[in-house]
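S.K.: Under full-length UniProt numbering, the first residue of the sequence shown carries the number 1, and numbering increases by one thereafter.
Take a look at this one; I'll ask things after.
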Amino acid sequence: MILVEVPGKDLRSYLVYRKSNKLTKTQFYPLPNIEQRLETVAAAKYISVLDLTKENWQIPLIPNAQRLATFVTSFGIFRPLRMPFGLKNTPFIFSKMMAEILHGCEHFAIPYLDDVEIYSNSWEEHLYHLNGILTKIKDVG
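Below, the structure is given as structure tokens:
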């Protein structure tokens, strides 16, 4: 386990899963094109960005994955119930999950890793979009 200082944030612990990651089949999930994203969002009058903190911990692990992610410290043996930072496929799994949660919102919301950009042309529309996105995220727990 290593601790990494994230500028402007708390220390973040990462487990070093080198051996597990070597044995893990890489999953891919396409991320939105940055240039297209900037062009689309820049045309909007109102823009909000949601930073989803501790995004990995929102993803429950199945029992077999819990077993494989178990780690040992001087304090004991720990089996994570949620996806820890450091697993190879975490960014892809989270990106896919966010795309599924925000399905139907593509014309006003763009998920990108742990951020969701919400853009609108009027204030009323923006409040409606924000409420819709926050409700979708809340509904999945």
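Quick reminder that beta carbons are idealized off the backbone N, C-alpha and C, glycines included.
How would you write the range of the alpha helix (DSSP H) that G132 sits in, first residue to last?
M.R.: Residues W123 to D139.
S.K.: Going by alpha carbons, who is nearest to Y29 out of R37, K9, S95 and I59?
M.R.: For the residues R37, K9, S95 and I59, the minimum Cα distance to Y29 belongs to S95.
S.K.: Is V41 helix, strand or coil by DSSP?
M.R.: If DSSP states are grouped into helix, strand and coil, V41 belongs with the helices.
S.K.: Which word fits I118, buried or exposed, when buried means at least 16 other C-beta atoms lie within 10 angstroms of its C-beta?
M.R.: Classification of I118: buried, given that the 10 Å Cβ count is 16 or more.
S.K.: So is G86 buried or exposed if we call it buried at 16+ other beta carbons inside 10 Å?
M.R.: Its Cβ being crowded by 16 or more others within 10 Å, G86 is buried.
S.K.: The alpha helix (DSSP H) that contains T73, what's its start and end?
M.R.: No alpha helix (DSSP H) holds T73; the beta strand (DSSP E) holding it covers F71 to T73.
S.K.: Could you round the C-beta distance between R82 and P60 to whole angstroms and report it? I think they count as a contact, below 8 Å.
M.R.: About 6 Å separates the two Cβ atoms, so the contact holds.
S.K.: At what residues does the beta strand (DSSP E) containing P80 begin and finish?
M.R.: Counting along the chain, P80 falls outside any beta strand (DSSP E), and DSSP gives it neither H nor E.
S.K.: Determine, using beta carbons only, whether N121 and A44 come nearer to each other than 8 Å.
M.R.: Their beta carbons are under 8 Å apart, which means N121 touches A44 by this criterion.
S.K.: So, with DSSP's three-state summary, where would you put P111?
M.R.: Of the three classes helix, strand and coil, the one that applies to P111 here is strand, per DSSP.
S.K.: Beta-carbon within less than 6 Å of L102's beta-carbon, same chain only, minus the 5 sequence neighbours each way: which residues are those?
M.R.: Only A109 and P111 meet the Cβ criterion.
S.K.: Using the three-state DSSP reduction, which class does I34 fall into: helix, strand or coil?
M.R.: In this structure, I34 counts as helix in the three-state DSSP scheme.
S.K.: Taking the beta strand (DSSP E) that I47 belongs to, which residues open and close that run?
M.R.: Where I47 is concerned, the enclosing beta strand (DSSP E) stretches over Y46 to D51.
S.K.: So, are the CB atoms of D115 and D51 less than 8 Å apart?
M.R.: The answer is yes: Cβ separation under 8 Å.
S.K.: Look up P91 in the DSSP assignment and say whether it is helix, strand or coil.
M.R.: Helix at P91.
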